[in-house]
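Chemist:
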Amino acid sequence: MIIQWFPGHMTKALRMMEKEIKVVDTIIYVLDARAPFSCVNPKLNSIIGEKPIIYVLNKCDMANPETTKEWQEYFSKFGSTCIMLNSTESGTAKKVESAIRNALKAKIEKLKLKGINTILRAMVLGVPNSGKSTLINNLCGVAKTITGNRPGVTKGKQWVKIASGIEILDTPGTLWPAFDNNQVAHHLAYIGSIKEEVLDIPSLSLDFISDIINIDKTILESRYNIQIEPDDEPIMVLEKVCESRGYKLKRNELDYDRGAFALINDFKSNRLGKISLEKVADIKKLKIKDRKQDV
Ligand SMILES: Nc1nc2c(ncn2[C@@H]2O[C@H](COP(=O)(O)OP(=O)(O)O)[C@@H](O)[C@H]2O)c(=O)[nH]1
Ligand SMILES: [Mg+2]
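Be aware that the sequence shown starts at 0, since it is given in numbering that gives the first Met the number 0, and climbs by one per residue.
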């Protein structure tokens, strides 16, 4: 299944980022820990330029902890730092705040010598559904202060004060016009970064079955109480899921669509356990070009 999704509002968002980047001191790059490499948007490289980057491996509660640790080491080499977060958990804000202050230490020191107490500005970037807004809400806590639109820029975009001297800008999730490869597009679809309406879920679920079996077939066996044989085609696995769950139509036919949606939703809702779709060792396999992070 070929996946493509780059609606017009994303081009608009990229333009907004291009404008705003001028007043930004650092980038907070939110990646879904389950597929961090696929979350790196090659379109953003030229916008970010040389600004320091704080990578956030978000949703780390949904990913394999050892794999996430490897990704943390990997991304630390490219950014100022890389932190692992569960943005739905309170108290994670401190990690981000100190990462910002660390990334901008030199600037703060320099201005302090001149007696200036500057405001540090960070722009939050990431693919749709990576958890940008959740992270910002967490950072704001109860003391959410909307500082209002900055003059001369698009309406609706707001800088939010998160701590003394730190302001953050949320941005709409952005993808890129053509996916580097179809595996990347599939990972983005599984983690919910691509609008469901443009996806053929029954067909996606077959690719998903084959990808999950490659990681560990017992994930599906234990969740659906089924037995997967080595030569089972994905469609046979889907049938087993439908049988086991009792997803039937009239005349006892299997309800394939229901089974397909159940599989995809179970992954999205973390009901299949902590799964990382990508490992650092897979980068060569993903054959992703045109990225700062390419090895
Ligand atoms: N389990 C878990 N869920 C998260 C985390 N961060 C965000 N979410 C969920 O992911 C979904 C998308 O989050 P949202 O902040 O709207 O993403 P955005 O599109 O990047 O702004 C929401 O259902 C959040 O509750 C996290 O760290 N762990
Ligand atoms: Mg959002």
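Where a beta carbon is used, it is the ideal one built from N, C-alpha and C, also for glycine.
Report the rounded CA-to-CA distance for Ser268 versus Asp31, giving the unit in angstroms.
Modeler: Taking the sequence shown and counting its residues from 1, the one referred to as residue 268 is at position 269. Taking the sequence shown and counting its residues from 1, the one referred to as residue 31 is at position 32. Spanning the two alpha carbons is a distance of roughly 14 Å.
Chemist: Determine the direct distance from the alpha carbon of Leu119 to that of Leu110, and round the result to whole angstroms.
Modeler: Working through the sequence shown from its first residue, we reach residue 110 at position 111. Working through the sequence shown from its first residue, we reach residue 119 at position 120. Rounded to the nearest angstrom, the two C-alpha atoms are 11 Å apart.
Chemist: Could you tell me whether any non-hydrogen atom of ligand 2 is closer than 7 Å to the CB of Ser192?
Modeler: Walking along the sequence shown from the start, residue 192 turns up at place 193. Every heavy atom of ligand 2 is 7 Å or more from the Cβ of Ser192, so no.
Chemist: Within 7 Å: the Cβ of Met235 and any heavy atom of ligand 1?
Modeler: Here residue 235 refers to the residue found at position 236 of the sequence shown. False, no ligand heavy atom lies under 7 Å from that Cβ.
Chemist: I need the boundaries of the beta strand (DSSP E) containing Asn57, first residue and last residue.
Modeler: Working through the sequence shown from its first residue, we reach residue 57 at position 58. Ile52 to Asn57 is the extent of the beta strand (DSSP E) around Asn57.
Chemist: Using the DSSP secondary-structure output, state which residues sit across from Trp158 in a beta bridge.
Modeler: The residue you call residue 158 lines up with position 159 of the sequence shown. According to DSSP, Trp158 bridges with Leu168.
Chemist: Is the number of C-beta pairs between the region 224-234 and the region 11-28 that are closer than 8 Å three or more?
Modeler: No: the two stretches stay apart, fewer than three of their Cβ pairs being nearer than 8 Å.
Chemist: Name the DSSP beta bridge partners of Ile27, please?
Modeler: Position 28 of the sequence shown, counted from the start, is the residue given in the question as residue 27. BP columns for Ile27 point to Ile53 and Val123.
Chemist: Secondary structure at Leu134, three-state DSSP: helix, strand or coil?
Modeler: The count along the sequence shown starts at 1 and reaches residue 134 at position 135. Three-state result, Leu134: helix.
Chemist: Excluding sequence positions up to five away, which residues of its chain have a Cβ less than 6 Å from the Cβ of Leu198?
Modeler: Indexing the sequence shown from 1 puts residue 198 at position 199. Contacts found: Ala188.
Chemist: CA-CA distance, Gln226 and Ser129?
Modeler: Reading the sequence shown from its first residue, position 227 is the one you call residue 226. Reading the sequence shown from its first residue, position 130 is the one you call residue 129. Roughly 33 Å between the two C-alpha positions.
Chemist: Going by alpha carbons, who is nearest to Asp256 out of Arg250, Gln3 and Tyr246?
Modeler: Taking the sequence shown and counting its residues from 1, the one referred to as residue 256 is at position 257. Looking at the Cα atoms, Tyr246 is the closest of the given residues.
Chemist: Please work out which residues of its chain come closer than 7 Å, Cβ to Cβ, to Leu237, disregarding the five sequence neighbours upstream and downstream, and give them in chain order.
Modeler: Here residue 237 corresponds to residue number 238 of the sequence shown, with the count starting at 1. Answer for Leu237: Ser204, Leu205, Ile208, Tyr255, Gly258 and Ala259, listed in chain order.
Chemist: Can you confirm whether the region 66-74 touches the region 94-102 when touching is taken to mean that 3 or more C-beta pairs between the two stretches lie within less than 8 Å?
Modeler: Because the criterion of three Cβ pairs below 8 Å is not met, the region 94-102 and the region 66-74 do not touch.
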